Structure formats: C-alpha cells, structure tokens
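Here the structure is laid out as structure tokens; the discussion comes afterwards.
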Amino acid sequence: MGEQRKIKVLVCKPGLDGHDRGAKVIARALRDAGMEVIYTGLHQTPDMIVQTILQEDPDAVMLSMLSGAHKALCPVIMDKLKENEIDDVLVSVGGIIPDEDKPFLEELGLKGFYGPGTELKTIVEFVKNNLKR
Amino acid sequence: MDYSDLIQKLLNGNARAVARLITLVENDSEASENIINAIYSHTGNAYILGITGAPGSGKSTFISILTKIFAEEGKKIGIICVDPTSPLTGGAILGDRIRMKDNFSLKNVFIRSMANRGQLGGLARATEDAVKILDAYGCDIIIVETVGVGQSEVDIFRSAQTVVVLLVPGLGDDIQAIKAGIMEITDIFAVNKMDLAGADKKIADIMQMLELGMNYKYKSEKDEDNVALKSNWTPEIVKVNSRTGENFEKLIELINKHRDFLSKSGVMENYRKNRIKSETLQILKHKITKKVEGLISSSPTIDEYIRLVMDKSLDPYSMANLIIKLLGLE
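These protein sequence lines are chains A and B, in that order.
The numbering of the first sequence is my numbering, which starts it at 1 and goes up by one.
The numbering of the second sequence is my numbering, which starts it at 1001 and goes up by one.
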C-alpha cells in the first residue's frame, strides 16, 4: 500500500531541560532525509508527549535529554504508552546518556542513546532501520 | 484491507483510531476511498472554521487561545495544522503544536499536524478527509490552519464554513487590500499583534477596501458565484492580541454572528452544494490525472503520438485531444 508513505517522526524535549539546539539539528537532518518531523518545543511532560504520540501517530519518537532526568522520565513515558496500547512506535532517547544507564533504558524498550558528535547519517539510518511498522 | 474495526472504534470515540485513520488517508488514496465511504453518513455535524494568514502572522497562537475558549464552553475540538513539504527532499518540519502547548492535555482536544505534500492551495490533499474523520469522531468544531499563505492560496474557503484571515500591522498598504485572492474569501479579518504600531492603519485599509466593495458592488450573473463568495455577508474586522487573549470575546461574537448568518435558510444549503461540487471535481482531477499518467508512461500509442509531435506533424494540443478520445472522455 501507500503511494505516499512518509516516515513521520516526533522530536521531543521532555522535562525541564531548556537546550534544544541538538533537537533542532536532528529535526532538520530528518527533514532533509525526506521525513515529516513534528517538533513540539521545550518542557514537555510525559502526559503531553504521550498525548502527542496518540494524536499524531508517528512512526518514531526521538527524546532529547541533556538534563540527567532520563531515568526519572523515560519509565513514566513508556508506562503511559503501554497504558494506551501503543506498541508499534520506535522510541529512542539521545543527548547525554551515561553508559551505565543504557541497560536500564534498554530494558524499558528504548533505543538509540546517541550523544554529541554522532554523525547525522548514523541517526537517519538508525531511524530507517529500526521502525516497528 | 478491512478498516471496519478502526472505523467502529472511531465512531465509539477512540482517539487512537482517529490518528490511525488520518495516517491511512494521508498515505493511501485507495484507503481514503474506503474509509470515507464508510463514515460519510456520520459526518456533517461539525462546524468548520478555517484560519489562514501569512507565515508568522500568529495563526497557531491564535488557534491556541480560541481552542481554550471553545474547550471551556465544553466543546469537543479537532485541529488540523498544515505546514509545507520541502519541494527538494519531500521532508517537512511540523511546528504548529509548539504554540498549542496549553491544549495538549485537554481530553476534548485533538490536534493533528499535516504536511501539505506538495499540494498547492494552502491545504494537503488529505485535509478534507481528515476533517471528515474528526467530524465522525464527534468534534463540535474543527479548526483548520492552512500553511502560511501568500496571496492566492484560497482552498480553505471551499473547505471551511467560516474563514478568518489573520493580518498583522506593517505588511502592505491599501493597494494590497484590494488585490484579488485571499482578501476576497475572508469572512472575518483579524488584525493580530494589535499592540504593534500600525494596527489601526491596517484596519483603516481593510475598511476602505470593504467600503469600495459595498458602494460599488458588482454582482456576477451566475448565482452560484455569488453564493460561493457568500455575497450577502459583509466581512467583519477585529483586532486581537493572541499572546494576551485581548479582544477574543469580540472575535467569538463575530464568529457566532457568521454562523448565524450561515444557518439562515438557503445560504448553508447552497454552500454545501458548492462544496460537494468542488470536492468531487478535486477527486476527479486526481483520478483522471492518475489514469492519464499511467497511460502516458506505458502506452505505445502515446509513444507514437510523441514521435509525431517531435516531427511537427502533430502539436501538443491535438495530441491532448487524441488522448482524451483514447480515454473515452470526449
């Protein structure tokens, strides 16, 4: 199916983290790779993020976190997704994610964990290759 | 594919089903047909409000305030925001939600961003279908935000019952105000950013334009043209501040006034007739174009014609006529 199938990605800044240059760079790169990118701006609560996913129906969600709150916020987001029976969306988190936290996040179903210095090509390929539908 | 499960969920008010169905109508015109066919009898209850204006005129912020007011009235609201697709890569940045943060968590508000995917006219091909899905979902009001428009993206006036055009101080003079296009399809002019210098000048320009139209009105002989332009309605003007919400009571008043005007006998029926006509025409164009494209890319007869045109024994107009004959459309 799909004469016009496009990959739709949501780029999000959860929590109080106020730095979104990285998120904008990612959004721009995905746009240039031909994807439709929704950017929702700063200070998103897990509820806002899940509502957005519910309404926008993206193929992938990229959480950008530099504040160190990933271990607090990611579980809440993943729980709420489960509550809403959303299980076919690739959810990834990137930014500043220490190595020792990765297994915990992986356990929750998150992927990616790309940090500063990652080539944009790597991220585009990652999205293309890890879609769940 | 069978969509009956999703459609049942949609009719039961399931938001996830709405999202899924909109994705389907965006991606696949065959799916659109089946879906619209199944839900069409459940549509027609929503009031459709179109918001258009130049990039940066404040459409999303404006809608955010409107939505809050409608939500407080207990209304169920659907919002479709269209942003442009890159002509180079096919990608898009959809950033209208940023301005609507306050409404993200409201249970009765459904916001959907949409890339126009190259469609001219200010909307996406799937916008009309998405409106119908939100209508069947039970939205009382559906707000459609066009891409940031220039002068001639006027599709919204065929899709929406009331069109609000956002203007801002400092762009253009009274000559801009009498040009054709966007300024003609407006039901309500909202001069946004009223705190900036020049807001009153902008209002004066619009009033002057409207006055010209009122005193020296030329009416087309074709009745349907006059109806399409909602010719008995004199556009209203209001200045607002979408950041503070100033003057929005006045705006809501005008929107309701226009709704009342439409509900008067005859106007709405004619409007709906025209809407169905133009929508069907769009669908036909899409279908016939697809057919013709298929024919042109694969038929040996067409290759033959092309050769004839190259040899100058046929011209492109005559070739087009031959193709029409070939399609049996003569």
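From the three backbone atoms N, C-alpha and C, an ideal C-beta is built for every residue, glycine too.
All values derive from a computational prediction rather than experimental measurement.
*Given residue 1153 (chain B), which residues of its chain have a CB within under 6 Å of its CB, disregarding the five upstream and five downstream residues?*
In the second sequence, counting from the first residue as 1, residue 1153 (chain B) sits at position 153. Here the set comprises 1121 and 1122.
_Inside the segment 1095–1159 of chain B only - beta strand (DSSP E) runs reaching at least 3 residues_ = 1109–1115 and 1141–1145
*Using a Cβ-Cβ cut-off of 6 Å (strictly less than) and excluding sequence neighbours within five positions of residue 1261 (chain B), which residues of its own chain qualify?*
Position 261 of the second sequence, counted from the start, is the residue given in the question as residue 1261 (chain B). Result list for residue 1261 (chain B): 1233, in chain order.
*Taking DSSP as the reference, what is the three-state secondary structure of residue 1199 (chain B)?*
Within the second sequence, residue 1199 (chain B) is the residue found at index 199, counting from 1. Looking at residue 1199 (chain B) - three-state DSSP - the assignment turns out to be helix.
*Contact belief for residue 1340 (chain B) with residue 1145 (chain B) at Cβ below 8 Å, rounded distance in angstroms*: Absent from the structure is residue 1340 (chain B), since the part of chain B shown begins at 1001 and ends at 1330.
_Assumed close pair residue 1044 (chain B), residue 1135 (chain B) - CB separation to whole angstroms, cut-off 8 Å_ = Counting from 1 along the second sequence, the entry for residue 1044 (chain B) is found at position 44. Counting from 1 along the second sequence, the entry for residue 1135 (chain B) is found at position 135. Their Cβ separation, rounded to whole angstroms, is 7 Å, which keeps residue 1044 (chain B) and residue 1135 (chain B) in contact under 8 Å.
*Just reading off the alpha helix (DSSP H) that residue 79 (chain A) is part of, what are its end residues?*
Residue mapping note: residue 79 (chain A) aligns to position 79 of the first sequence, counting from 1. Taken as a continuous stretch (DSSP letters only), the alpha helix (DSSP H) holding residue 79 (chain A) covers 70–83.
*At what residues does the beta strand (DSSP E) containing residue 1083 (chain B) begin and finish?*
Mapped onto the second sequence, residue 1083 (chain B) falls at position 83. Where residue 1083 (chain B) is concerned, the enclosing beta strand (DSSP E) stretches over 1077–1083.
*Within 9 Å (strictly less), CB to CB, does residue 1082 (chain B) reach chain A?*
The residue labelled residue 1082 (chain B) in the question sits at position 82 within the second sequence. So, not an interface residue.
*Looking at residue 30 (chain A) and residue 89 (chain A), is the spacing between their C-beta atoms short of 9 Å?*
By one-based count along the first sequence, residue 89 (chain A) stands at place 89. By one-based count along the first sequence, residue 30 (chain A) stands at place 30. No, they are not a contact pair.
*In terms of residue numbering, what span does the alpha helix (DSSP H) encompassing residue 1323 (chain B) cover?*
Looking up residue 1323 (chain B) in the second sequence gives position 323. Per DSSP, residue 1323 (chain B) belongs to the alpha helix (DSSP H) from 1316–1326.
*Taking residue 43 (chain A) as the reference, which of A:100, A:14, A:105 and A:96 has the closest Cα?*
Working through the first sequence from its first residue, we reach residue 43 (chain A) at position 43. Cα-wise, what sits closest to residue 43 (chain A) is A:14.
*To the nearest angstrom, how far is it from the Cα of residue 1268 (chain B) to the Cα of residue 1258 (chain B)?*
Counting from 1 along the second sequence, the entry for residue 1268 (chain B) is found at position 268. Counting from 1 along the second sequence, the entry for residue 1258 (chain B) is found at position 258. Each residue's Cα considered, the two are about 11 Å apart.
*asked:* Short of 8 Å Cβ to Cβ, which residues in the segment 1100–1114 of chain B face chain A?
replied: 1101, 1104, 1105, 1110, 1111, 1112 and 1113
*Would residue 1125 (chain B) be called buried (16 or more neighbouring beta carbons within 10 Å of its own) or exposed?*
Within the second sequence, the letter at position 125 stands for residue 1125 (chain B). Per the 10 Å Cβ criterion, buried.
_Below 8 Å, how does it come out for the segment 1001–1017 of chain B and the segment 98–105 of chain A: are there three or more Cβ pairs, yes or no?_
no
*Taking residue 1278 (chain B) as the reference, which of B:1149, B:1160, B:1117 and B:1042 has the closest Cα?*
By one-based count along the second sequence, residue 1278 (chain B) stands at place 278. Considering only alpha carbons, the answer is B:1160.
*Selected residue, minimal CA-CA separation from residue 1065 (chain B), among B:1245, B:1326, B:1329 and B:1032*: By one-based count along the second sequence, residue 1065 (chain B) stands at place 65. Looking at the Cα atoms, B:1245 is the closest of the given residues.
_What residue range does the beta strand (DSSP E) around residue 39 (chain A) cover?_
As a working note, residue 39 (chain A) is residue 39 in the first sequence. Here the beta strand (DSSP E) through residue 39 (chain A) covers 36–39.
_Where the alpha helix (DSSP H) containing residue 23 (chain A) begins and where it ends_ = Locating residue 23 (chain A) in the first sequence gives position 23, where the first residue counts as 1. Here the alpha helix (DSSP H) through residue 23 (chain A) covers 21–32.
*What's the C-alpha gap between residue 1301 (chain B) and residue 1290 (chain B)?*
Reading the second sequence from its first residue, position 301 is the one you call residue 1301 (chain B). Reading the second sequence from its first residue, position 290 is the one you call residue 1290 (chain B). For residue 1301 (chain B) and residue 1290 (chain B), the distance between alpha carbons rounds to 18 Å.
*Examine chain A for any beta-carbon lying closer than 9 Å to the beta-carbon of residue 1094 (chain B), and answer yes or no.*
On the second sequence, position 94 is the one that residue 1094 (chain B) refers to. By this cut-off, residue 1094 (chain B) is an interface position.
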